[in-house]
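Everything on this sheet refers to the single structure shown next.
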Amino acid sequence: MNRSEAMRLLRVRDLRMAIHGDGPPVRAVDGVSFDIAAGETFALVGESGCGKSMTALSIMRLLPEAAAISGGMVELQGENLLALPEAAMRDVRGRRVAMIFQEPGLSLNPVMTVGEQIAESVRRHTALTGAAVDARVLELLESVRMPDAQRRVTEYPFQLSGGMKQRVMIAIALACDPELLIADEPTTALDVTVQAQVLDLLRELQRERGMAMLLITHDLGVVAQMAQRVAVMYAGQIVETAPVAHFFASPAHPYSQKLFAALPERAAGGRPLAAIPGAVPPLSLEFSGCRFAERCEHKLAHCADVLPEWHGAGEQQMVRCHLYGSDQRPPRGLPSGRGVMGDQHKTEPEAGLGSSPVNHQSSLLEVEELEVFFPIRKGLLQRTAGHVRAVDGVSFSIAPGRTLGLVGESGCGKTTVGKGLLRLLQPTAGRVSLAGEDFLALGAEALRQKRREVQIIFQDPYASLNPRIRIGDALEEGMLALGVGGDAAGRQARIDALLGEVGLAPGVRSRYPHEFSGGQRQRIAIARALSVEPKLIVCDEPTSALDVSVQAQILNLLKRLQKEKGLAYLFISHNMAVIEHMADEVAVMYLGRIVERGAVQDVLRDPRHPYTKSLLAAVPVADPQAQRPVLRLSGDLPSPVNPPAGCHFHPRCPVAEAACAQAYPEERALTAQHHVRCHLAR
Amino acid sequence: MPPLPFRIEVLWSDGLVWLLVIAVVAYAVYARRHPHLRAPWSRVARSASAMAAATVLCCFVLVGLLDSLHYRPLLPPQGGKPVYATEVRSVLDLVLTPLRAQREKTYSAPFATELYAKETIKRADGVETREFPRLRHGGKHLESPADSAADIALRAFRGVVAALLAWFAFALLLSAALARQQGGGIEAAWRSLWSGLTPLPWRAVLATLGVLAVIAGPVVALAPYYHVLGTDKVGQDVLYQSLKSIRTGLVIGTLATLVTLPFALVLGVMAGYFKGWVDDVIQYVYTTLSSIPGVLLIAAAVLMMQVYIENHADLFPSTEIRADVRLLALCVILGLTSWTGLCRLLRGEALKLRELEYIQAARAFGVSHWRIMMRHITPNLMHIVMIALVMDFSGLVLAEAVLSYVGVGVDPSMISFGTMINSARLEMAREPMVWWSLASAFFFMLLLVLAANLFADAVRDAFDPRVAMAGGRA
Amino acid sequence: MSSYLLRRVLYGLLVLAGVNVLTFALFFFVNSPDDMARAQLGAKRVTPEAVEKWKQQRGYDKPLFLNEKMSGIERVTETVFYTKSVRLFAFDFGASDQGRNIGYDISTRMWPSLAVQLPAFVIGLLVYITFALLLALFRASAFDVGGVVFCVLLMSISSLFYIIGGQYVFGKLWSLAPISGYDGGFEALKFLVLPVLIGVASGIGGSTRWYRSIFIEEISKDYVRTARAKGIGELRVLFRHVLQNAMIPILTGVVVVIPLLFMGALITESFFGIPGLGSYTIDAINQQDFAIVRAMVFLGSVLYVIGLILTDISYTLVDPRVRFS
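Chains as they are written, first to last, in the numbering used here: chain A, 2 to 683; chain B, -15 to 458; chain C, 74 to 398.
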């Protein structure tokens, strides 16, 4: 923080805000200070609930009604925004400081045209009128690389894809050339290929306009790609600030280090991830010491009682940790160099993992040509006018004790595959044989018996447990329905054992779901699936709703259970790093079909399908020095109602040839295990 | 063995009312044990306006329950067998015997000692004059009607003092109870009570009770001697009528909603859970029913019921029983014609719930549809049912008045707010106006409905998942 | 779009068929025509001959569904169900039990009803929405809290008392308007003022609260935050963004009642002596004239179904998501 005063565009000092509700006030932002220089990208990174979004909203003074700023200062070029009257603040919003939000789908007015929404901002802050406004709107849409900009002016948000909506949001934000753009998780709701497009766009715009950017994110990969400086937030406070290069080279705060260690791509060769024990303390508490002390491995005697001061940890790197105090030396075990990076691209896969040939005779689950179509009814008599081809001929197999990763972007049909093979959705065609028996042909009673063998874990930990039912009863439900676990006493013993297996105390069984955190709920959901001793578990994005440190706990748990019980997993995820960490084989889905499958290191290290390649290239890597091939997909996922003729991927494919538009490519085997559906793959 | 001085008569509506009381008690016990119910109810209990409203409602309910214990008194012995009257009375009638029995000839104003209209009276000396005759009961203890003001003031003052003493004693008892609970002294409890520092807003309850006591005290003191709210056309005490109307309002407000519940719940859950043709059929049924304007459908049904009752007069041994059956039939008709709104709401929620992951998980275990609906869907809809229950109550009380006015409400012989207004309205044009029946009905109804609305608001705020979720997920 | 509307119309006809069967069952199954005759004639005059005569005069002497005595199509048409129920679809309401032509009565009496209801509806809508917008603008302030309490208080008063109180204060005490009566042409105006005013006043509590809750819900949505982030003032946010989006739930509740305005207001009309369909219905109920009640039930359903279709159409005006799909 030895920058000159003149360079400081935004100065935030000791910012405090609190949310007032039923109980004591929740101090979501509790003494936050940072500076942003003109033209710089400053990233505020942290897990959910750490107060990063509330910090941004406090700067804009757009807090929800139950929340109020309780102290501090926000200076924009020397002018204290918190002291401005509301009318003057309105002149700042949209003109000098603009903001884009996480959910582009909800952030645009659904009944107003795109052009009108942009024009509103132009008219508010400039003297332009009439045709000049229209011209400016078009110019803005073009500047955010909106395809078909002229036509979009008169369209409504629902006619645009998620990526295009976020472009509109950006156009609104840029309407008056703001000095500072606040981007609050701008790509979290987007698919990875679209995220890459939007991040590229933001980076280019910022460079062109010399605009400063406050980027709020939970994704270290996004930080590495976008920011010059970074601040880590934990429980309402900033615990570390550093230039990005220093931060990624040697994170100083124990929390920052743990964040890196919990990333699935950092675990070499299937070793357990480093998880952070415990949970973030509730922000309604009064803190006297370090907020991270309880979860810290390097806790000192006074950490819980004495608030840590800021200490220098290296060049321009500041950390709020007693370990860096003048009389302290960072203890052993606190890596201070690049060692923590554990460069995964050079890591050789562990021998034997995923390289053994898949024996079809021994496969537990075999899926052949699975189809799940949803009819579209139209017209007077509601005749079926077409189908949503959610799953359009998918085949794969899983051997006992192995994990198949099913990866793809939202809308590709991967979740429908999981629900279809469990018959939670009725497949329209295909065969699913489970240990040799045709699962889809079973009658009601036989199906009920067979349901023991395959279970499912879902994405949303808050929706996966009935809030009205005690944990013990929830775990008992499957045993009762399927007649597992013997008599009542036997079932109770089994519930205790299951809770122990997922790392919960037996006492929790008489409690209700609302008393548990997201991670704990996901553990309970796992225990529930295990209660009927399945052989296969469909894991449908089980960690997507969790923070990275909690995700690490759950992934470790799933791995351990697999080893102990010989479980097979169908692991559905959009997250490449998680798939890489968890899976033996992987199948990549695009628009209802598997375009590439094979052993995980074959597919992810040496992708052959252009879609797989671009998917991998789009993943932001938590390493500012990482050099990845730039392979950007244009456009969005087409509709599964009318998939493009020929190869479904050809309209977006960077290397498509004429033949690609003619016929859907047959699957071809590159090696015994590596299959790909592409005319061009050799 | 001498015959009992009364024979208990359980009217249909009495049975249902007491069943409802048992159900409410059972629910309270159940809710205490389940945190997902205890939490919203304790939110309701922490709201001062809700507790004040609940205090008022409790008074109304007390009156209504007393009026739901019916008996037939023993007639004076004639020959061997004990004979009971055909007339059915309630415990409330017994308590209000002076009010019930002291009938005047026709209208008299509140606190009047003379009739409202002049009559031709033949005096002892044979001269006929037109004058206001003295009332048979109101103020008959007075030597001269001119003394009434002083007499009323004195009795009212005594009533207020007695009521305030009782109220003060209650406040002391409450502090003692609070002191025991919190472990401090009575004095400390008294202070925290009055500075509003108790976890439950007892101060609001006490204030409400205080206001009620100050009003009720003088009324109780005066009622045996005067018609505090006047008399109606046939000389019946208006205060008595107002108190009797309470039960009618409460019965309609609660029982009619209870009739809607099974339809709305079963059909709504089934439509939302099964979708497909089941949903189509149920949607068609409720669209059809709701397409008929409510009052017309009720009117048609009540007309048919009237014809039925007229043609089967022999089924009903007494007017009270006939009126009671008509009241119940009205509740059933109101229920049958008004389940569609709640059903639509529940269907929408069930549609959302069925896609939730815990229900998918239950289906993955092969749990039966019936069990999923019972265990997973219905309990998660009960907050909507609870909100509908309390929100509908006040609407039904208001609807009774309108329907009785239109002539398709309760039996004309049954005392209700509607029949009170209906008969009083005919006298609007009189000069000077007969205003007291209307005014009494107005104030009693306003108090009941306002209390119900305030309570319903607090319940809705406490049970609304949007409010609850915001707290739960944070 | 057009096939969607056509489907809605057909569904509406199906609903009306259901209403038709339901009312028929209600009026002819719960009680037989003999029961009705007895109830109408009164206990003293009931003789088998009188009952037969009563039925014959009103056409209730035919079989319910199938006339065995007739042949061909008349086996079906010469029945109570056909003449009294199916004919309603042709808006042939027949004669009332007192012998009046119901169709004619309806066509003359709907206009006074509309003359009261339409102004009350329009003025009411403006007043409620304005009041609700004000409450939403100053939400969580003392004005808002007081306004909501005021609304709850107004909601808790029976509509009967609005009329009685209005008649007493404006008609009797201040003599500003005639208490009851009606006249043709412009003379009607002076008779309309009070019922319209009372109609508006009695709805303030409930409607304002309902609109307010819609606005408050819209205000909490993300797009409103986006609008504020542009630097737009609160008034423009409210009128340009919130109001436009709130029109969707508002229309659901409002458009459906527009056709029903023809039906009049039962209580208001009878209190004010307005010769509309509302007082017509009340008189019919008091005289136990089943034919008129049946006709009004059917008419009400027809108007409701029309309201549903109008609602569908109105969505296309305010919601581009419906318009373009």
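All residues carry an ideal CB built from backbone N, CA and C; glycine is no exception.
CB contact check: Asn467 of chain A to chain C, cutoff 8 Å
no
Asn400 of chain C versus chain A: which residues are under 8 Å apart at the beta carbon?
Any answer about residue 400 of chain C is impossible in this case: the structure gives chain C only from 74 up to 398.
Please go through the same chain and pick out, in chain order, the residues whose beta-carbon is closer than 6 Å to the beta-carbon of Leu333 of chain C, but skip the five residues on each side of it.
Leu376
Need the endpoints of the beta strand (DSSP E) that Ile368 of chain B sits in, please.
Per DSSP, Ile368 of chain B belongs to no beta strand (DSSP E); it is in the alpha helix (DSSP H), 366 to 390.
To which residues does DSSP link Met590 of chain A through a beta bridge?
A:Ile595
Which whole-angstrom value describes the C-beta separation of Ile573 of chain A and Leu407 of chain A, a residue pair presumed to lie in contact below a C-beta threshold of 8 Å?
5 Å
Alpha carbon to alpha carbon, how far is Ala475 of chain A from Leu466 of chain A? Give it in angstroms, no decimals.
8 Å
Please determine, among B:Ala15, B:Val253, B:Leu329, the residue with the shortest C-alpha to C-alpha distance to Arg338 of chain B.
B:Val253
Which residues mark the beginning and the end of the beta strand (DSSP E) in which Cys540 of chain A is found?
537 to 541
For the pair the stretch 339 to 346 of chain C and the stretch 243 to 255 of chain C, tell me if three or more CB-CB distances fall below 8 Å.
yes
Assuming the contact rule is C-beta atoms closer than 8 Å, Val231 of chain A and Val245 of chain A should be a hit. Round their C-beta distance to whole Å, please.
5 Å
Can you confirm whether Ala464 of chain A, when its beta carbon is compared against all beta carbons of chain B, has any partner nearer than 8 Å?
yes
Is it right to say Trp420 of chain B is buried, meaning 16 or more other beta carbons lie within 10 angstroms of its own, or is it exposed?
buried
What is the rounded straight-line gap between the Cα of Leu83 of chain C and the Cα of Glu384 of chain B?
36 Å
Closest Cα partner of Gly276 of chain C within the set C:Arg80, C:Leu311, C:Phe204:
C:Phe204
Measure the C-alpha to C-alpha separation of His367 of chain B and Thr613 of chain A and round it to an integer number of angstroms.
47 Å
Measure the alpha-carbon distance for Trp178 of chain B versus Trp151 of chain B and round it to whole angstroms.
14 Å
Could you name the residues that DSSP lists as bridge partners for Ile457 of chain A?
A:Val539
Arg449 of chain A: contacting residues in chain B (beta-carbon distance under 8 Å):
Gly350
Three-state class that DSSP yields for Ile37 of chain A in the structure shown
strand
Starting from Tyr100 of chain B, follow the alpha helix (DSSP H) in both directions and report where the run begins and ends.
No alpha helix (DSSP H) contains Tyr100 of chain B, which DSSP labels as neither H nor E.
Contacts that Asp92 of chain A makes with chain C (C-beta to C-beta distance below 9 Å):
Gly304
Just checking, does the stretch 321 to 334 of chain B make contact with the stretch 240 to 256 of chain B on the three C-beta pairs under 8 Å criterion?
yes
Return the chain-ordered list of same chain residues with a C-beta closer than 6 Å to the C-beta of Gly353 of chain A, the five sequence neighbours on each side being excluded.
At Gly353 of chain A, the pLDDT of 38 sits below 50, so the modelled position is not reliable; the number obtained from the coordinates is stated separately. There are no such residues.
Could you tell me which of C:Tyr284, C:Lys128, C:Leu161 sits nearest to Asp107 of chain C, measuring between CA atoms?
C:Lys128
Got a sec, what are the start and stop residues for the alpha helix (DSSP H) Arg231 of chain B sits in?
222 to 258
Closest Cα partner of Arg212 of chain C within the set A:Tyr463, A:Ala67, A:Leu568, A:Arg594:
A:Ala67
Let's see if you can read the secondary structure: which residues bound the alpha helix (DSSP H) around Pro121 of chain C?
121 to 131
Buried or exposed: which applies to His649 of chain A, given that a residue is buried once 16 or more other Cβ atoms fall within 10 Å of its Cβ?
buried
Bridge-paired residues (DSSP) for Gly406 of chain A:
A:Phe572, A:Val587
Can you tell me which of the three DSSP states Pro358 of chain A falls into?
Because Pro358 of chain A sits at a pLDDT of 43, beneath the cut-off of 50, its placement in the model cannot be relied upon, and the point is left open.
Start and end residues, alpha helix (DSSP H) containing Pro393 of chain C
393 to 396
Kindly list the residues whose CB is nearer than 6 Å to the CB of Glu143 of chain A, restricted to its own chain and excluding five residues on each side of it in sequence; keep chain order.
Ala150
To the nearest angstrom, report how far apart Thr672 of chain A and Asp607 of chain A are at their CA atoms.
12 Å
Can you name, in chain order, every residue of its own chain whose Cβ lies under 8 Å from the Cβ of Gly106 of chain A, other than the five neighbours on each side?
Pro158, Gly163, Lys166, Ala190
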